[in-house]
Amino acid sequence: MTLWLRDARWIDPATHAIRAGHLAVDAGEAVEPGARSGGTPAGVRARPPGSVRFVDTIPSDAETYDCAGRLVTRAFANAHHHVYSALARGMPAPPRTPTSFVEILQLVWWRLDKALDEPMIRASARAVAVDALRCGCTFVIDHHASPNAASGSLHALAEEFDALGVGHLLCYELSDRDGPERLTAALDETDAYLRTHPGLVGLHASFTVSDALLERAAELAVRHATGVHVHVAEAASDEEHCRRVHDTTVVERFARAGLLDSPRTLLVHGLHLDDDERARIAASPAWVVQNPESNRHNAVGLFDPRGLGERILLGTDGMHSDMLASARAAYLDGQQTGGCSPDAIVRRLRRVHEYLAQGGFAGDGADDLVVLDDPSPTPITQANWSAHVLYGLAARHVHAVIRGGRLVVERGEVLGVDTERILAQAREQAARLWRRLA
Ligand SMILES: [Zn+2]
Numbered sequence: 001m002t003l004w005l006r007d008a009r010w011i012d013p014a015t016h017a018i019r020a021g022h023l024a025v026d027a028g029e030a031v032e033p034g035a036r037s038g039g040t041p042a043g044v045r046a047r048p049p050g051s052v053r054f055v056d057t058i059p060s061d062a063e064t065y066d067c068a069g070r071l072v073t074r075a076f077a078n079a080h081h082h083v084y085s086a087l088a089r090g091m092p093a094p095p096r097t098p099t100s101f102v103e104i105l106q107l108v109w110w111r112l113d114k115a116l117d118e119p120m121i122r123a124s125a126r127a128v129a130v131d132a133l134r135c136g137c138t139f140v141i142d143h144h145a146s147p148n149a150a151s152g153s154l155h156a157l158a159e160e161f162d163a164l165g166v167g168h169l170l171c172y173e174l175s176d177r178d179g180p181e182r183l184t185a186a187l188d189e190t191d192a193y194l195r196t197h198p199g200l201v202g203l204h205a206s207f208t209v210s211d212a213l214l215e216r217a218a219e220l221a222v223r224h225a226t227g228v229h230v231h232v233a234e235a236a237s238d239e240e241h242c243r244r245v246h247d248t249t250v251v252e253r254f255a256r257a258g259l260l261d262s263p264r265t266l267l268v269h270g271l272h273l274d275d276d277e278r279a280r281i282a283a284s285p286a287w288v289v290q291n292p293e294s295n296r297h298n299a300v301g302l303f304d305p306r307g308l309g310e311r312i313l314l315g316t317d318g319m320h321s322d323m324l325a326s327a328r329a330a331y332l333d334g335q336q337t338g339g340c341s342p343d344a345i346v347r348r349l350r351r352v353h354e355y356l357a358q359g360g361f362a363g364d365g366a367d368d369l370v371v372l373d374d375p376s377p378t379p380i381t382q383a384n385w386s387a388h389v390l391y392g393l394a395a396r397h398v399h400a401v402i403r404g405g406r407l408v409v410e411r412g413e414v415l416g417v418d419t420e421r422i423l424a425q426a427r428e429q430a431a432r433l434w435r436r437l438a
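Following this note's numbering, the numbering of the sequence shown begins with 1 at its first residue and continues without gaps.
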């Protein structure tokens, strides 16, 4: 299938080279969940992803979208999200005000995740999917927790994302924090899901994961030929706990368990790493995910990329689905920690495509595009594109989105989807959830 884009101003996502003309967007080969070959993970793409090429003329009977001179570039992808927090906005205050990061988890997020059931999870997924698409984001890497509704939860998220046309790489946040019965259900869900879908093995964080669970998670990841997705040194207390209980650092502990051996592994946050841990990560094939707004929100510190190498991605940590906002926040935070260039931040925004392609994960391709209004009072050039991304572009400039070579958003509306109904259903589920938290 080919979609023809008339009068586009194409910005190469890697080189930022700019060229005006007509584009042919050739859709990649769709991959059926469960398609498996040899020792590769389920859902690995067997054929090349889609492509974009310039054409001199557009066939008269072709399916065409008129970009009217707008900017066209690769759609965005979110390297760390929590769909389960979608119904949290404006929820009742916790029983008392948290005074530490661990209390924020105990009094806010672990109360919320235990109250979730399947209708709430499905409503959260639909709300996140339409929000992500409207922000030009066509792929979400999610870290899910619903301890009293673990069974079937990843399958439910995947069904809702698939129905709305958002690519995904899911995992369940395994943890010992809710006792052995809930952990068994979460391990079973992870194993069952990874048998039929591409995904990751999720772990909450070192301080809620026993050695026995760490070993089981590492074994699951090897068995399913995938990586681990885990919070690392988000607060100083995670490192303190690890030294006290395990007599080592978080990264050293995870490295000994083999977690850092996979190029599919995602280490999230990494705020309180020492130099040895940074060097260990830099020497490994694993990736780090920065979540600047969440770090500010939890007052846990600022991300410092020094010594971590170049494999750094950006996420939103459940705060929203707007990757342009996350990139701008990362850029502003970078000025507080020794400075960073616009190009360095835009590389972080974009390397998620490399992570997904290298991991063989389906659902993110060159046929996923965003059409942007040009809001700029100054010239856009190959040399200054990153500055325009960080100082000028925002989600309100997303005019259209193409996923898998198909137009899915036009003028801010998700096509073929009753967004108002999805939001109304989410509000109903939010009211049920909040009653449980009151
Ligand atoms: Zn997170």
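Every residue gets a Cβ at the ideal spot worked out from N, C-alpha and C, and that includes glycine.
Pull up the CB-CB distance for residue i and residue j, whole angstroms please, since I reckon it's below 8 Å.
i    : j    : result
L157 : L170 : 6 Å
V245 : V268 : Contact doesn't hold; Cβ gap of about 21 Å is too wide.
A125 : V83  : 5 Å
L308 : G270 : 7 Å
A77  : C137 : 6 Å
Y65  : L356 : About 25 Å; that fails the 8 Å criterion.
L372 : R70  : 6 Å
C67  : R19  : Their Cβ separation, rounded to whole angstroms, is 13 Å, which puts C67 and R19 out of contact at 8 Å.
Go ahead and pull the three-state DSSP assignment for residue i.
i    : result
L23  : strand
H297 : helix
F139 : strand
H388 : helix
D7   : strand
F207 : helix
L330 : Reading the sequence as shown, one finds Ala at residue 330 and not Leu. The answer is helix: DSSP assigns A330 an H, G or I state.
F303 : coil
V442 : The first residue shown for the chain is 1 and the last is 438, placing residue 442 beyond what the model contains.
L112 : helix
H224 : coil
T337 : coil
S85  : helix
T419 : helix
I380 : coil
A186 : helix
T196 : helix
R177 : coil
D238 : helix
E215 : helix
I58  : coil
R411 : coil
S51  : strand
V370 : strand
H80  : strand
Starting from the Cα of residue i, find the closest Cα among the options and give me that residue.
i    : options                : result
P198 : G359, A24, P377, L273  : G359
Y333 : G202, H81, L302, R177  : A quick correction: the sequence has Asp, not Tyr, at residue 333. It is L302.
H144 : P98, V130, H231        : H231
W4   : A24, I141, V409, H241  : A24
D364 : G202, R244, V166       : V166
S237 : H16, A93, G315, N298   : N298
E189 : V140, D178, V201       : V201
M91  : G227, L107, R195, Q335 : L107
G318 : R195, I141, S60        : I141
H353 : R253, R264, P379, D276 : R264
W434 : F139, G69, L87         : L87
L174 : D191, A163, D162       : D191
L130 : R436, R421, H155       : At residue 130 the sequence reads Val, which differs from the Leu that was named. Closest by alpha carbon: R421.
H81  : N291, L194, A330       : N291
I281 : S294, V250, E293       : V250
A79  : T316, L105, R396, A438 : T316
E277 : S262, F254, G258, N295 : F254
E160 : A127, D275, A212       : A127
So, is residue i buried or exposed, given that buried needs 16 or more other C-beta atoms within 10 angstroms?
i    : result
N148 : exposed
A14  : exposed
P95  : exposed
Q429 : buried
T226 : buried
M323 : buried
A217 : buried
D178 : buried
D418 : exposed
G28  : buried
S284 : buried
Say yes only if the C-beta of residue i is nearer than 7 Å to one or more non-hydrogen atoms of ligand 2, and no if none qualify.
i    : result
H272 : You won't find ligand 2 in this model; what it holds is ligand 1.
> Counting Cβ pairs closer than 8 Å, one from the stretch 112-126 and one from the stretch 381-393, do we hit at least three?
Replying inline: The stretch 112-126 makes no contact with the stretch 381-393, as fewer than three CB pairs between them are under 8 Å.
> Counting Cβ pairs closer than 8 Å, one from the stretch 119-138 and one from the stretch 421-434, do we hit at least three?
Replying inline: As far as the Cβ criterion goes, the stretch 119-138 touches the stretch 421-434, which means the pair count is three or higher.
> Between the stretch 336-348 and the stretch 371-386, are three or more C-beta pairs nearer than 8 Å?
Replying inline: With the cut-off at 8 Å, the stretch 336-348 and the stretch 371-386 touch.
> How do the stretch 400-417 and the stretch 92-103 stand: do at least 3 beta-carbon pairs fall below 8 Å, yes or no?
Replying inline: They do not touch, by the three-pair rule.
> Do three or more CB pairs link the stretch 201-219 to the stretch 245-265 at distances below 8 Å?
Replying inline: Yes, since at least three Cβ pairs between the stretch 201-219 and the stretch 245-265 fall closer than 8 Å, the two stretches touch.
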